[in-house]
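S.K.: I am attaching a structure below and will ask some questions about it afterwards.
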Amino acid sequence: MLKVAVGHSNDPDSAEAVDEVIAQCQAELAGVQPRAGMLFSAFDFDHALVLQHIYQVFPELELIGGTADGEISSVLGFQQDSLTLMLFSSDDIEIRAGVARQVSQDPVTIAQQAISEAQQQLTAAPKFCVAISESLTTNPASILHGLQSALGSVPVFGGATADQAKMEQNYQFYKAEVLNDSVPFLLFSGPICFSHGVASGWRPIGKRSQVTKVIDNTIYEIDHQPALDFYHYYLNEFATDVAYPLAVYPPGEETFFLRGASGYDAEVGSITVAGDVPEDAFVQITEASLDAVIDGTRSAFEHALDQYPGQKPEAAVVFSCSWRRYVLGTRTDDEYKAMAALSDIALPSCGFYTFGEMAPFKNSNRSFFHNTTFVTLLMGHQ
Amino acid sequence: MEPTEKDIAFKQLQKENRILKKKLERSEADRAKLEQTKNSKESLLKQVIVELQESQGILEQKSAALEQAIETLTLAQSKLVESEKMAALGTLVAGVAHEINTPVGTGVTLASTLADETEILVAEVARGGLTRAQFNDYLDTAQEVTALLLSNLNRASELVHSFKQVAVDQTHLEQRHFNLKNYCEEVLISLSPTLKRTSHTLTITGDADLYIESYPGAFAQVITNLVTNSLMHAYPLGKQAGHLTLDISQQRESVLLSFKDDGCGIPANNMEKIFEPFFTTARNRGGTGLGLQIVYNIVTQTLKGKVDVTSEVNQGTCFEISLPTNTGAIPKND
Ligand SMILES: Nc1ncnc2c1ncn2[C@@H]1O[C@H](COP(=O)(O)OP(=O)(O)O)[C@@H](O)[C@H]1O
Ligand SMILES: [Mg+2]
Chain A
20 MLKVAVGHSN DPDSAEAVDE VIAQCQAELA GVQPRAGMLF SAFDFDHALV
70 LQHIYQVFPE LELIGGTADG EISSVLGFQQ DSLTLMLFSS DDIEIRAGVA
120 RQVSQDPVTI AQQAISEAQQ QLTAAPKFCV AISESLTTNP ASILHGLQSA
170 LGSVPVFGGA TADQAKMEQN YQFYKAEVLN DSVPFLLFSG PICFSHGVAS
220 GWRPIGKRSQ VTKVIDNTIY EIDHQPALDF YHYYLNEFAT DVAYPLAVYP
270 PGEETFFLRG ASGYDAEVGS ITVAGDVPED AFVQITEASL DAVIDGTRSA
320 FEHALDQYPG QKPEAAVVFS CSWRRYVLGT RTDDEYKAMA ALSDIALPSC
370 GFYTFGEMAP FKNSNRSFFH NTTFVTLLMG HQ
Chain B
2 MEPTEKDIAF KQLQKENRIL KKKLERSEAD RAKLEQTKNS KESLLKQVIV
52 ELQESQGILE QKSAALEQAI ETLTLAQSKL VESEKMAALG TLVAGVAHEI
102 NTPVGTGVTL ASTLADETEI LVAEVARGGL TRAQFNDYLD TAQEVTALLL
152 SNLNRASELV HSFKQVAVDQ THLEQRHFNL KNYCEEVLIS LSPTLKRTSH
202 TLTITGDADL YIESYPGAFA QVITNLVTNS LMHAYPLGKQ AGHLTLDISQ
252 QRESVLLSFK DDGCGIPANN MEKIFEPFFT TARNRGGTGL GLQIVYNIVT
302 QTLKGKVDVT SEVNQGTCFE ISLPTNTGAI PKND
């Protein structure tokens, strides 16, 4: 048995919002105690207060979460400045929360250790992991690398926390704590099955150029010119724009992944992208039409449904890039509508707009750090 | 105390008010963001259009350059074909020069012998001591030498005539009426010095009375190419004494030339390529791969005929050229 409840409130008042969300969940749980949960919250709420209210009602909850740049649920669809909570209860599925703290000091090792510790609390091997990662203090790609190396072939899904495009501060939640520089995660084990889909909708446009100088996730030169010139050439501004990520073709490969340019250094002429870029990779600027972005959402969700191994999924968790939202504007709600149209109206769903998504590419079980994608995770009892 | 209906309605209104205020704040920020995205998109698309135009320009230039290159190549190819034809002519000239040398050389010797004898005779006459016997001797010698001289000069003149014919035929393709077998023999005379350096033999058989109205120069080219190919390719070990044969016959509605060698043959997977220009297995020995291309063009275009090849490895190769009697070659039996 797996019981899933979702609550969602767009009341800007923290206490009112969290109480409304708890009440919605309780109504659905009908007296059953939830085991674990995920909380996605807009930046402006009083997070400590929100968690305090939740733990008054559910003191045993294995909870993770973080700040978001927009929230989605089957209760209210897409909302900004809202609070959404998904709770899981089951008598035979095990769900454990863990956390990696102060990850910027050594992202790979710290993430590895945290996973090993949490795994010891489980009676069976984990099936998959959902992680909510810090996005500003350190490169989330290295965190994912640490998580994945401890988990082996167990896939990681998740998103990086956000702060409504201010890029100043973001928070993660672990049980009743409000943290930063941390990565809380849930490990799922026991009779649970799952599937996933990931897609973007951006397509490369313009000429292909070669990255001639890069260190980790900072690109210094493209075609031996300052990397910032590349953006200036296309966008006519001495700044990067996250809505126009780079398609990155690793040397010798014809498939690309996307890297959004989240920052730049006008003096050096370098750009910082959300995730590392291999040396000598080819890059091409990308562009997305509104319809193509929504098509991406649809195809990610469809793929997850096609691949679902069980009878019928009982919950959907989604991670969508906040840059998708910037492009979609008033059509952002169409993302939720597109997935809702494909699934049972009754499928409890919850998710948030991220600063980066974690999921394996189609038909793989090693996770990759994506930008500008829509990731769907479906789960249910076996 | 239970909240009244009014209380609930009031709370609901307060909540809605909070939400609306927040949404207003947010929408201002979002609008600015969207505007920026829109401006960026406009600039991006403009730039991409510029790139497209540039690359279209580059493509146009490239295709013009390609066209030029193809033209140059076509020109070069036709020049090569020409020079391969001239090379065949060269082979003929060398052969003819060698042939003519023999009778002319002999003629020179004979003439100087006659001159010597005459001088002795003149001296004797001046001295007044010429005997009857001496005079008779001189007459015998003179008769013999002039007979030989005549036959040698006739041979030389014949050679010059036949060479002139072949050379002229090859340089100006003119149609005329001629005896096919005789003409082939004349061509082969010019090739005989080349042949003599090998241990191979070449025999011409067939209808000696077959006259045709056609382009003799074309035949000379075809035969020269086929013979040089056999000498160059068919006997790679160099030791065998090959047998080359050329047979001329008249079929019902065509004339058939069949040229055979008993050499190494042509491997099956080369068969379809041998008529292609530049296909050669002897590039390192000066092969151009144009010989059979020329044969093919002459037979199909100038002579309006067909050429077939059959070959068996280690058995030999046979080229069969059939010419229709209604066009090009018109056989006439005198
Ligand atoms: N009588 C032959 N016996 C064996 N191979 C031959 C013969 N005639 C032609 N070939 C093959 O056909 C090829 C093409 O001939 P040709 O077009 O005359 O070019 P080339 O003589 O310059 O090589 C030769 O390179 C050779 O491989
Ligand atoms: Mg040849």
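The listed protein sequences correspond, in order, to chains A and B. So in my numbering, the last spot in the first sequence is 401, and the numbers never skip. So in my numbering, the last spot in the second sequence is 335, and the numbers never skip. Using N, Cα and C, we set each Cβ at its ideal position, and we do this for glycine too.
Between the segment 350-364 of chain A and chain B, which residues of the former have a C-beta closer than 9 Å to a C-beta of the latter?
M.R.: none
S.K.: Mind checking whether S228 of chain A and D242 of chain A have CB atoms under 8 Å apart?
M.R.: yes
S.K.: Give the range of the alpha helix (DSSP H) segment to which C44 of chain A is assigned.
M.R.: S33 to L48
S.K.: Between D8 of chain B and chain A, is any beta-carbon pair separated by less than 8 Å?
M.R.: No, no contact with chain A.
S.K.: Counting only beta-carbon separations shorter than 8 Å, does R27 of chain B have a partner in chain A?
M.R.: Using a CB distance cut-off of 8 Å, R27 of chain B counts as an interface residue toward chain A.
S.K.: In its own chain, which residues sit with a C-beta less than 6 Å from the C-beta of K146 of chain A, not counting the 5 before and 5 after it?
M.R.: F207, S208 and I211
S.K.: Would you report the Cα separation of I249 of chain B and D208 of chain B, rounded to the nearest angstrom?
M.R.: 6 Å
S.K.: Any residue with its Cβ nearer than 5 Å to a heavy atom of ligand 2 should be included. What is that list in chain order?
M.R.: Here the residues come out as B:N230 and B:G292.
S.K.: CA-CA distance, R120 of chain A and V197 of chain A?
M.R.: Each residue's Cα considered, the two are about 11 Å apart.
S.K.: Considering only heavy atoms of ligand 1, does any lie closer than 7 Å to the CB of G290 of chain B?
M.R.: yes
S.K.: Have a look at D30 of chain A and A36 of chain A and give me their C-alpha separation to the nearest angstrom.
M.R.: 5 Å
S.K.: Quick one: give me the first and last residue of the beta strand (DSSP E) that S108 of chain A is part of.
M.R.: L102 to S108
S.K.: Could you tell me the boundaries of the beta strand (DSSP E) in which H178 of chain B lies?
M.R.: Note, H178 of chain B: beta strand (DSSP E), R177 to N180.
S.K.: Starting from S172 of chain A, follow the beta strand (DSSP E) in both directions and report where the run begins and ends.
M.R.: Membership of S172 of chain A in any beta strand (DSSP E) is not indicated, and neither H nor E is assigned to it by DSSP.
S.K.: Is the beta carbon of Q222 of chain B closer than 8 Å to that of A98 of chain B?
M.R.: no
S.K.: Can you tell me which of A:L265, A:V267, A:P245 and A:A266 puts its alpha carbon nearest to the alpha carbon of F257 of chain A?
M.R.: A:P245
S.K.: For the segment 245-258 of chain A, which residues have a beta carbon sitting closer than 8 Å to at least one beta carbon of chain B?
M.R.: Within the segment 245-258 of chain A, the residues whose Cβ lies closer than 8 Å to some Cβ of chain B are Y252, Y253, L254, N255 and E256, listed in chain order.
S.K.: Starting from Y250 of chain A, follow the alpha helix (DSSP H) in both directions and report where the run begins and ends.
M.R.: Looking at the DSSP string, the run of the alpha helix (DSSP H) that includes Y250 of chain A is A246 to L254.
S.K.: Please tell me whether I224 of chain A and V296 of chain A are closer than 8 Å, where the distance is taken between their beta carbons.
M.R.: no
S.K.: Check whether the Cβ of M233 of chain B sits closer than 7 Å to any heavy atom of ligand 4, and report yes or no.
M.R.: As presented, the structure is devoid of ligand 4, carrying ligand 1 and ligand 2 as its sole ligands.
S.K.: Indicate whether at least one CB of chain A lies closer than 8 Å to the CB of I20 of chain B.
M.R.: So, interface residue.
S.K.: Taking the beta carbon of E376 of chain A as the centre, do at least 16 other beta carbons fall within 10 Å, making it buried, or is it exposed?
M.R.: Classification of E376 of chain A: buried, given that the 10 Å Cβ count is 16 or more.
S.K.: Which first and last residues belong to the beta strand (DSSP E) in which M377 of chain A is found?
M.R.: E376 to P379
S.K.: Restricting to Cα atoms, I'd like to know which of B:I213, B:T206, B:Q302 and B:K197 is closest to T229 of chain B.
M.R.: When only C-alpha atoms are compared, the closest one is B:K197.
S.K.: Closer than 7 Å, Cβ to any Cβ of chain B: which residues of the segment 107-125 of chain A, in chain order?
M.R.: none
S.K.: Do V264 of chain B and ligand 1 come close, with the Cβ less than 7 Å from some heavy atom?
M.R.: The residue you asked about is not Val; residue 264 of chain B is Gly in the sequence shown. For G264 of chain B, the CB falls within less than 7 Å of some heavy atom of ligand 1.
S.K.: So what does F9 of chain A bridge to, in DSSP terms?
M.R.: Coverage of chain A is limited to positions 20 through 401, which leaves residue 9 of chain A absent and any answer about it impossible.
S.K.: If we call anything under 8 Å between Cβ atoms a contact, is V308 of chain B one with N226 of chain B?
M.R.: For V308 of chain B and N226 of chain B, no; Cβs fall outside 8 Å.
S.K.: Does ligand 1 have a heavy atom nearer than 7 Å to the CB of I267 of chain B?
M.R.: yes
S.K.: Step through the CB atoms of chain B and report whether any lies within less than 8 Å of the CB of N29 of chain A.
M.R.: yes
S.K.: Using the three-state DSSP reduction, which class does G106 of chain B fall into: helix, strand or coil?
M.R.: helix
S.K.: When you compare only the Cα positions, how much space is there between Q401 of chain A and C369 of chain A?
M.R.: If you draw a straight line from the Cα of Q401 of chain A to the Cα of C369 of chain A, it is about 21 Å long.
S.K.: Tell me the DSSP secondary structure of F301 of chain A in three-state form.
M.R.: strand
S.K.: Looking only at C-alpha atoms, which of B:Q302, B:V314 and B:E313 sits nearest to S215 of chain B?
M.R.: B:Q302
S.K.: Using only the heavy atoms of ligand 1, determine whether one of them is closer than 7 Å to the beta carbon of T282 of chain B.
M.R.: For T282 of chain B, the Cβ falls inside the 7 Å cut-off from some heavy atom of ligand 1.
S.K.: Locate the alpha helix (DSSP H) running through G306 of chain B, then write down its first and last residues.
M.R.: It is not in any alpha helix (DSSP H) - G306 of chain B carries neither H nor E in the DSSP assignment.
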